[in-house]
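Taking our numbering, I'd label the letters of the sequence shown as residues 11 to 90.
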Amino acid sequence: MFTPEHYRAKAAEYGELAKTANGPDEAREFQRHERNFTELADNEQWVADHRDQTVHATGADAVSEGAPVLIGDAMAAVPQ
Numbered sequence: 011m012f013t014p015e016h017y018r019a020k021a022a023e024y025g026e027l028a029k030t031a032n033g034p035d036e037a038r039e040f041q042r043h044e045r046n047f048t049e050l051a052d053n054e055q056w057v058a059d060h061r062d063q064t065v066h067a068t069g070a071d072a073v074s075e076g077a078p079v080l081i082g083d084a085m086a087a088v089p090q
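What follows is the structure, given as structure tokens:
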């Protein structure tokens, strides 16, 4: 599982690549990747900071760590 630091390091890599891009289209693509990895880092940090405020599966129905858990009406879209 990735940590916020891993995502931030990847974002920094793309930020450096954007500086040395071979054209504006390539630079924009690297900047887009940088923004995406920064957002992933922010989200992962939020989850870590608020772990005690989130719902966790327990017992026989528990899923592996990191797997999304669908709740509410979203369950209707999951084939049984």
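We treat Cβ as the ideally placed atom computed from N, Cα and C, and that holds for glycine.
Asked	Found
Below 8 Å, how does it come out for the segment 20 to 30 and the segment 53 to 70: are there three or more Cβ pairs, yes or no?	no
Looking at A51: is its Cβ nearer than 8 Å to the Cβ of A37?	no
Determine, using beta carbons only, whether F17 and E54 come nearer to each other than 8 Å.	One point to set straight first is that residue 17 is Tyr, not Phe, in the sequence displayed. Going by C-beta atoms, Y17 is nearer than 8 Å to E54.
So does E49 have its beta carbon nearer than 7 Å to some heavy atom of the ligand MG?	With respect to the ligand MG, the structure offers nothing, as it holds no ligand at all.
Helix, strand or coil for A31 per DSSP?	coil
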